[in-house]
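Number of protein chains: 2
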Amino acid sequence: MVGVTQQSQSTRPLADRSPEEIEAFLAEQRAAHADLAARGLTLDLTRGKPSSAQLDLSDRLLALPEGHVDADGVDTRNYGGLHGLRELREIFAELLWIEPEQLVAGGSSSLVMMREVLVDLLLKGGVDSERPWSAEEKVTFICPVPGYDRHFTLLEWLGIETVTVPMLETGPDVDAVAEIAAADPSVKGIWIVPTYANPTGSVVTQEVAERLASMPTAAPDFKIFWDNAYAFHHLTEDEAKSADILSLASAAGHPHRPIMFASTSKITYAGAGVAFVGGSVETVQWYVGHLGQGSIGPDKLNQLRHAQFFGSAQGVRDHMVRHREVIGPKFAEVQRVLEERLGGLGVATWTEPTGGYFVSLDVLDGTASRVIALAKQAGIALTPAGSAFPHSDDPRDRNIRLAPTFPPLEQVTAAMEAVTTCVLLAAAEKLHG
Amino acid sequence: MVGVTQQSQSTRPLADRSPEEIEAFLAEQRAAHADLAARGLTLDLTRGKPSSAQLDLSDRLLALPEGHVDADGVDTRNYGGLHGLRELREIFAELLWIEPEQLVAGGSSSLVMMREVLVDLLLKGGVDSERPWSAEEKVTFICPVPGYDRHFTLLEWLGIETVTVPMLETGPDVDAVAEIAAADPSVKGIWIVPTYANPTGSVVTQEVAERLASMPTAAPDFKIFWDNAYAFHHLTEDEAKSADILSLASAAGHPHRPIMFASTSKITYAGAGVAFVGGSVETVQWYVGHLGQGSIGPDKLNQLRHAQFFGSAQGVRDHMVRHREVIGPKFAEVQRVLEERLGGLGVATWTEPTGGYFVSLDVLDGTASRVIALAKQAGIALTPAGSAFPHSDDPRDRNIRLAPTFPPLEQVTAAMEAVTTCVLLAAAEKLHG
Numbered sequence: 161m162v163g164v165t166q167q168s169q170s171t172r173p174l175a176d177r178s179p180e181e182i183e184a185f186l187a188e189q190r191a192a193h194a195d196l197a198a199r200g201l202t203l204d205l206t207r208g209k210p211s212s213a214q215l216d217l218s219d220r221l222l223a224l225p226e227g228h229v230d231a232d233g234v235d236t237r238n239y240g241g242l243h244g245l246r247e248l249r250e251i252f253a254e255l256l257w258i259e260p261e262q263l264v265a266g267g268s269s270s271l272v273m274m275r276e277v278l279v280d281l282l283l284k285g286g287v288d289s290e291r292p293w294s295a296e297e298k299v300t301f302i303c304p305v306p307g308y309d310r311h312f313t314l315l316e317w318l319g320i321e322t323v324t325v326p327m328l329e330t331g332p333d334v335d336a337v338a339e340i341a342a343a344d345p346s347v348k349g350i351w352i353v354p355t356y357a358n359p360t361g362s363v364v365t366q367e368v369a370e371r372l373a374s375m376p377t378a379a380p381d382f383k384i385f386w387d388n389a390y391a392f393h394h395l396t397e398d399e400a401k402s403a404d405i406l407s408l409a410s411a412a413g414h415p416h417r418p419i420m421f422a423s424t425s426k427i428t429y430a431g432a433g434v435a436f437v438g439g440s441v442e443t444v445q446w447y448v449g450h451l452g453q454g455s456i457g458p459d460k461l462n463q464l465r466h467a468q469f470f471g472s473a474q475g476v477r478d479h480m481v482r483h484r485e486v487i488g489p490k491f492a493e494v495q496r497v498l499e500e501r502l503g504g505l506g507v508a509t510w511t512e513p514t515g516g517y518f519v520s521l522d523v524l525d526g527t528a529s530r531v532i533a534l535a536k537q538a539g540i541a542l543t544p545a546g547s548a549f550p551h552s553d554d555p556r557d558r559n560i561r562l563a564p565t566f567p568p569l570e571q572v573t574a575a576m577e578a579v580t581t582c583v584l585l586a587a588a589e590k591l592h593g
Numbered sequence: 161m162v163g164v165t166q167q168s169q170s171t172r173p174l175a176d177r178s179p180e181e182i183e184a185f186l187a188e189q190r191a192a193h194a195d196l197a198a199r200g201l202t203l204d205l206t207r208g209k210p211s212s213a214q215l216d217l218s219d220r221l222l223a224l225p226e227g228h229v230d231a232d233g234v235d236t237r238n239y240g241g242l243h244g245l246r247e248l249r250e251i252f253a254e255l256l257w258i259e260p261e262q263l264v265a266g267g268s269s270s271l272v273m274m275r276e277v278l279v280d281l282l283l284k285g286g287v288d289s290e291r292p293w294s295a296e297e298k299v300t301f302i303c304p305v306p307g308y309d310r311h312f313t314l315l316e317w318l319g320i321e322t323v324t325v326p327m328l329e330t331g332p333d334v335d336a337v338a339e340i341a342a343a344d345p346s347v348k349g350i351w352i353v354p355t356y357a358n359p360t361g362s363v364v365t366q367e368v369a370e371r372l373a374s375m376p377t378a379a380p381d382f383k384i385f386w387d388n389a390y391a392f393h394h395l396t397e398d399e400a401k402s403a404d405i406l407s408l409a410s411a412a413g414h415p416h417r418p419i420m421f422a423s424t425s426k427i428t429y430a431g432a433g434v435a436f437v438g439g440s441v442e443t444v445q446w447y448v449g450h451l452g453q454g455s456i457g458p459d460k461l462n463q464l465r466h467a468q469f470f471g472s473a474q475g476v477r478d479h480m481v482r483h484r485e486v487i488g489p490k491f492a493e494v495q496r497v498l499e500e501r502l503g504g505l506g507v508a509t510w511t512e513p514t515g516g517y518f519v520s521l522d523v524l525d526g527t528a529s530r531v532i533a534l535a536k537q538a539g540i541a542l543t544p545a546g547s548a549f550p551h552s553d554d555p556r557d558r559n560i561r562l563a564p565t566f567p568p569l570e571q572v573t574a575a576m577e578a579v580t581t582c583v584l585l586a587a588a589e590k591l592h593g
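The listed protein sequences correspond, in order, to chains A and B. Mapping of the first sequence onto my numbering: position 8 corresponds to residue 168, and the numbering continues sequentially without gaps. Mapping of the second sequence onto my numbering: position 237 corresponds to residue 397, and the numbering continues sequentially without gaps.
So this is what it looks like as structure tokens:
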């Protein structure tokens with residue numbers, strides 16, 4: 161997370177300006193916003209969706225699979241195979257540094273797998289639980305913020321309480337996490353997007369991962385929901401490596417603590433990829449045991465399609481370079497506009513991610529919802545205020561998640577120019593009082 | 161359900177024979193079984209799986225979809241569309257006699273959708289529930305028996321109790337159902353496979369459907385889980401039509417009572433089809449509302465593939481005729497062997513289904529598990545004894561589910577000859593005492 165505060169010749173922090181200067185600046189931004197609103201734009205930076213150009217990269221999938229038999233001779237068109245296709249699990253196990261026996265390939269959505277795991281924990285308890293979580297008086301999750309809205313929605317839907325900790329450049333504030341986890345046996349887990357976090361782009365460092373893996377917890381069955389949705393989604397040649405959380409946890413005597421999730425939603429097709437869940441061999445047996453009570457196996461044909469498409473772990477890595485070539489310029493453009501329009505004014509800080517799908521923009525306290533409302537007036541859809549917080553409650557009303565992958569580059573430019581105008585206007589309004 | 165009891169010239173009921181005749185018959189069957197065991201067969205009649213020849217009928221799917229845009233112009237490769245593809249819902253809504261707004265197209269498994277619906281009912285309650293089912297002291301389901309093992313497994317896994325009623329040729333014993341449902345508010349639902357039931361092949365009549373739809377129930381939120389897995393799976397030209405349970409329930413003032421399930425698992429690919437859930441518009445909103453807490457949409461690309469493959473509701477009907485041509489002869493062969501080997505002996509009755517995937521064989525009380533063990537000795541895998549009953553408890557130990565679709569025809573013949581030998585041996589053992 162990089163706060164940009166350098167001051168150029170042509171800019172001075174708004175807070176240092178005189179009331180008259182602020183007055184003039186406000187009038188200027190009002191006029192700019194009125195111009196913007198008159199243009200009748202319709203632009204959207206709301207969701208982390210791949211663009212058509214990215215989806216096109218995988219269109220060889222449309223003509224696959226060749227044949228319908230997997231490497232073990234199984235007819236993938238028929239029932240069975242709860243663990244998923246071995247050859248596809250081998251590819252992703254290598255990428256995730258685990259053994260194929262520690263990985264299950266499922267349907268198209270890792271979010272659905274997270275739901276399944278949470279429901280299993282609630283109804284049955286985990287491999288190291290004393291009882292089903294639903295039999296506990298209360299279940300609480302630690303939520304680093306800003307974070308992924310759908311993680312929090314799942315908890316809210318399931319009646320799981322939340323406690324927030326700050327998300328730092330090195331991962332969650334691990335001192336805060338360790339203190340909460342040690343003190344309260346109702347605290348049963350934490351959400352982590354370890355590599356290129358949503359929305360900050362933070363990467364959990366080796367040190368933070370070690371603390372998370374080894375910290376004492378009051379609950380014997382504390383779980384790290386390690387949602388590695390962007391593990392291979394590098395934006396630069398400086399490729400972050402995810403910490404090997406399973407080995408760390410195992411070495412620390414907590415082999416069942418991490419449950420990993422991943423998917424090809426942002427590798428192949430967002431709506432028709434393959435999702436994965438991983439963990440200790442016992443965790444995998446536990447998951448598959450419950451899965452088998454209500455499933456006769458995943459869509460293995462789509463898994464075969466993907467195995468043939470990638471060919472190997474290197475095939476996945478090569479494919480991600482092509483994604484980088486498409487979306488790298490969009491992220492660069494977001495940075496360029498933010499720097500040029502907001503740099504030095506002291507009205508915002510933002511992240512400079514080297515991977516993932518988002519830029520996290522913090523505006524002046526109390527102005528995020530105003531910025532989002534102003535943007536809406538100008539035809540720019542932004543994620544609703546507070547989205548990156550449980551119960552949509554951003555206590556400082558300052559965080560805005562920017563998702564530049566879906567629109568074409570020229571729309572990213574136009575949308576970001578509009579967003580920065582709204583940031584400036586809201587800041588001027590606040591400082592003008 | 162047709163009991164076959166006609167007597168041929170060469171056979172007399174075993175029960176009418178003298179001890180010496182039984183002794184001789186027993187010796188004969190022992191020898192036949194020993195011969196069988198010596199042949200080293202490996203045959204499998206356990207599961208209702210389509211054969212390779214059936215799966216081949218859909219192999220045009222392997223080269224679909226053409227393009228990736230649906231009729232509404234949506235890019236099916238991307239996220240979204242919780243209700244599923246409109247053009248595919250239109251095809252199946254027509255087949256199921258409901259409106260497209262009453263139907264959701266999901267992933268590849270209707271069993272997974274049943275799990276989701278049950279979990280939603282437990283955690284949240286239904287549209288007409290006073291509270292979540294998990295807040296009730298007890299939840300009970302009525303289970304017509306023999307029935308589908310995976311239905312019962314789901315209930316057992318979720319801690320839902322079961323009460324059985326007999327499955328008749330006209331559907332569940334509706335007098336028994338009505339009495340139980342009226343008396344006990346913990347009775348929240350019933351499983352029904354309305355058309356070509358698993359395993360009896362029964363078809364719920366219009367009269368029984370009307371009773372189920374209109375009967376008073378002690379629970380205000382009683383649900384009919386209407387699993388129409390074999391709605392279009394006719395074995396003869398005499399095509400049964402499913403009762404229109406949603407209209408019947410709506411007319412009776414219980415619009416939210418039925419929840420329908422269907423899938424293409426036995427139409428296209430068992431492992432890579434599309435599943436559906438349907439109900440009142442409110443039920444669909446309720447389901448999608450909960451689904452959206454943990455899903456960003458189904459595999460729409462596979463739904464587009466299916467919509468293009470079928471083209472129309474008539475396309476589905478035409479396709480099912482091709483299935484009938486493949487599996488019809490196998491079911492005829494099961495009947496031929498059962499008649500020729502067991503007819504008139506008074507040791508078994510069996511169903512003569514006109515659709516679906518199973519033949520239900522009732523042997524002499526107390527001999528089903530012996531028959532299955534004898535078959536195993538001879539290399540013939542049969543579904544474990546009691547499978548068609550909750551907790552695998554067949555109180556009369558007489559029911560055996562035969563699933564002849566998967567093996568090639570000549571294996572069906574060999575397996576059925578072996579099974580009938582085991583039935584005769586077990587019967588002779590019992591009568592010999």
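Ideal placement from N, C-alpha and C gives every residue a C-beta, glycine not left out.
Interface flag for Gly266/B against chain A is unset, since no Cβ pair is found closer than 7 Å.
In this model, Leu283/A and Gly454/A are separated by some 14 Å (Cα to Cα). Against chain B, a Cβ distance below 7 Å from Leu461/A picks out Tyr429, Gly431 and Ala432. In terms of CA proximity to Gln366/A, Asp404/A leads the group Pro359/A, Thr396/A, Asp381/A and Asp404/A. The beta carbon of Gln453/A sits closer than 7 Å to some beta carbon of chain B. For Leu203/A, the CB contacts under 8 Å within the same chain, skipping 5 residues up- and downstream, are Gly539, Ile540, Ala541, Pro567, Gln571, Ala574, Ala575 and Ala578 in chain order. Against chain B, the CB of Gly457/A has a partner CB under 7 Å away; the residue lies at that interface. Contact check between the stretch 464-476 of chain B and the stretch 242-255 of chain B: three or more CB pairs, one atom from each, fall below 8 Å, which counts as touching.
For Leu584/A and Thr511/A, the gap between their C-alpha atoms comes out near 18 Å. Pro179/B counts as exposed, since fewer than 16 other beta carbons sit within 10 angstroms of its beta carbon. Close partners of Ser269/B in chain A (Cβ separation under 7 Å): Ser455 and Ile456. Exposure of Pro555/B is indicated by the presence of fewer than 16 other C-beta atoms within 10 angstroms of its C-beta. According to the DSSP assignment, Asn462/B belongs to the alpha helix (DSSP H) that extends over Lys460 to Phe470. Look at the beta carbons and you see the stretch 258-268 of chain B not touching the stretch 495-511 of chain B: under three pairs across the two are nearer than 8 Å. If you draw a 10 Å sphere on the C-beta of Gly319/A, you find fewer than 16 other C-beta atoms in it, and that means exposed. In this structure, Thr565/A sits away from Ser346/A, with a CB-CB distance that is not shorter than 7 Å. Residue ranges of uninterrupted alpha helix (DSSP H) with 4 or more members, entirely inside the stretch 317-373 of chain B and ordered along the chain, are 334-343.
Spanning the alpha carbons of Pro418/B and Lys590/B requires a straight line of approximately 44 Å.
Inter-segment contact for the stretch 387-395 of chain A and the stretch 414-428 of chain A is present: three or more beta-carbon pairs are separated by less than 8 Å.
Per the C-alpha coordinates, the member of Asp230/B, Glu181/B, Arg220/B and Glu296/B positioned closest to Glu226/A is Arg220/B. Taking Asp309/A as the centre and dropping the five residues before and after it, the same chain places the C-beta of Ser547 and Ala548 closer than 7 Å to its C-beta, in chain order.
Shown here, Arg561/A sits in a strand according to DSSP, grouped into three states.
Apart from the 5 residues on each side of it in sequence, Met375/A sits with its Cβ closer than 8 Å to the Cβ of Val334, Val337, Ala338, Ala341 and Ala342 in its chain, given in chain order. Between the C-alpha atoms of Gln189/B and Val229/A there is a straight-line separation of about 41 Å. Distances from the alpha-carbon of Asp232/A to those of Arg249/A, Asp216/A and Leu224/A put Arg249/A closest. Taking Ser425/B as the centre and dropping the five residues before and after it, the same chain places the C-beta of Gly433 closer than 6 Å to its C-beta, in chain order. Of the other Cβ atoms in all chains shown, 16 or more fall within 10 Å of the Cβ of Arg530/B; this residue is therefore buried.
Residue pairing by DSSP places Gly438/B opposite Leu263/B and Met420/B in a beta bridge. Residue pairing from DSSP leaves Ser407/A without any beta-bridge partner.
Any Cβ of chain A closer than 7 Å to the Cβ of Tyr239/B would place that residue at the interface, and such an atom is present.
The alpha-carbon of Pro550/B is positioned some 32 Å away from that of Ala411/B.
With at least 16 other beta carbons inside 10 angstroms of its own, Pro458/A counts as buried. Judged by DSSP secondary structure, Phe301/B falls within the beta strand (DSSP E) whose first and last residues are Thr300 to Val305. Secondary structure note for Phe385/B: it is in no alpha helix (DSSP H), and the uninterrupted beta strand (DSSP E) holding it is Lys383 to Asp387.
The Cβ neighbour count for Gln537/B, taken over all protein chains shown within 10 Å, is under 16; the residue is labelled exposed. Annotation: the continuous alpha helix (DSSP H) that includes Asp216/A extends over Ser212 to Asp216.
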